[in-house]
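Numbering (UniProt numbering), first residue to last: 1 to 370.
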Amino acid sequence: MSSDRYIVSAPGKVILFGEHAVVYGKTAIAGSLDGLRTYAFFEKRIDGYVELNLPDLGLQRAFLWPASALPYNLVNNVDIKEPQNLNFNDALLHKIKSIALEGQDNQQINNFQQIAAFTFLYLYTCLEYNSQTSWSGMTIYVRSNIPVGAGLGSSASYSVCLATGLLLAFGHILSPYESNEQDIKKSRELINLWAYQAEKVIHGTPSGVDNSVATYGGAIMFANGVIQNMMGESFKEILGSEIMDDQELYTKTEGLIDMCHHLLNSLGVGHPSLDKVREIAAQCNLHTKLTGAGGGGCALTLIRNDVSKEQIEIVKTALTASPHCFECYETSIGGHGVGVLDASCDKSLQEFSECEKNQLAGIIGWMYFA
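Shown next, in the form of structure tokens:
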């Protein structure tokens, strides 16, 4: 990318149906969360240092490393364009771990912050290999409104932002501003493949679902390791070809939500707090199910088109009030995947760091790879 400063954004994800049945080869459905996203500001440096800011993970001071200290000697014969053919570089990650925490002034660094640093340096070291640009250092400032550890794809969203920003910085892909449709398709695929490498740093053996949703957006079906992009009509076919209009679609979906929640409870992955969410939402005739691994975590409530704002506020007030004090996130499912905003003209690092997270999506000029 020709710009020396830009912002990358990627969505979170939610598993709608089949989160446990997929283990047995059945189909699961997941979608992107357009209102819950990670944003990463990238800016070129000329002093040869790499800086990573993670304020939403509670990091008080930025990580700062000299780029020359990274173990490029352990990156051999990497084909940037074909990362699916790579074996994961355990030796590189081992060395990265020893470098990442050096010289950080003994500040207290928690597990989430460590993993974020390892992931960034692993990708940076790999992708600066055969760099096509003059970027020899950079500052990255990451913001996110995706809750961490809640099963909503926060790590994959972060991984996709890192992969996209670094691929752009080192000239391995073109931005959507500079691309035709075929270029964008190739860039999407490369972003997803490198985000998957990042997810390996974080999770060891990820499914590839989360990074695919964060890259491509929309909704996907997956079974037996096969991921397939999904259109609105595909969902109707899954529910039954007799469905003809939106009202019938909502009714059938609500029935599926109820059935799936009860089945998940029967598997022992429910939790009293999730049942309490269902109970409160049901007071306004809204249907809820747990999502993800269960045992706590998150619940998903479907809001029909005919539900008033007043009804939504009644439910949210009841959920957030004592003694429950649940957190509520109102979002849409199936929106954009990864996008980039050229910030060279009108958005400084200070402005980005001070901007309210829910205002970042409203900045005009986003271009999306998906």
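Idealized CB from N, CA, C, for every residue including glycine.
Here DSSP, grouped into helix, strand and coil, assigns Arg278 to helix.
With contacts defined by Cβ atoms closer than 8 angstroms, Phe41 and Ala343 form a contacting pair. Put simply, of Gly25, Gly225, Pro11 the residue whose alpha carbon is nearest the alpha carbon of Gly35 is Pro11. Ranking Lys95, Lys97, Ala281, Val75 by CA distance to the CA of Asn87 puts Val75 first.
Between the segment 212-231 and the segment 262-279, the count of C-beta pairs closer than 8 angstroms stays below three; the two stretches do not touch.
For Thr27, the three-state secondary structure derived from DSSP is coil.
No Cβ-Cβ contact shorter than 8 angstroms links Ser157 with Ala198. Closest option to Gln60, judged by alpha-carbon separation, among Gly149, Gln113, Trp194, Val23: Gln113. Ile257 places its beta carbon less than 8 angstroms from that of Thr288. When Val307, Glu51, His94, Phe235 are compared, the shortest CA-CA separation from Ala67 is found for Glu51. When the Cα atoms are used, Pro55 and Ser353 turn out to be separated by approximately 9 angstroms. Inter-residue distance for Gly294 and Glu19 is about 9 angstroms (C-alpha atoms, whole angstroms). Counting other Cβ atoms within 10 Å of its Cβ, His336 reaches 16 or more and is therefore classed as buried. Contact between the segment 191-206 and the segment 161-177 is present: three or more C-beta pairs spanning the two stretches fall below 8 angstroms.
Taking C-beta separations shorter than 6 angstroms and ignoring five residues to either side along the sequence, the partners of Ile333 in its chain run Gly31, following chain order. With a 10 Å radius around the Cβ and a threshold of 16 neighbouring Cβ atoms, Asn358 comes out exposed. Asp245 sits in coil when the DSSP states are folded into three classes, being neither helix nor strand. Between Leu341 and the set Trp366, Lys186, Ala321, the nearest pair of CA atoms involves Trp366. DSSP places Leu319 in the helix class (H, G or I) of the three-state scheme.
Apart from sequence neighbours up to five positions away, the residues of its chain that approach Phe326 with a beta-carbon distance below 7 angstroms are Val277, Leu319, Thr320, ordered along the chain.
Going by beta carbons, Phe369 and Ser136 fall outside the 8 angstroms limit.
Of the other Cβ atoms in all chains shown, 16 or more fall within 10 Å of the Cβ of Ser144; this residue is therefore buried. In the structure shown, Trp366 adopts coil according to DSSP, grouped into three states. In the assembly as shown, Ala91 is an exposed residue. Its beta-carbon has fewer than 16 other beta-carbons within 10 Å.
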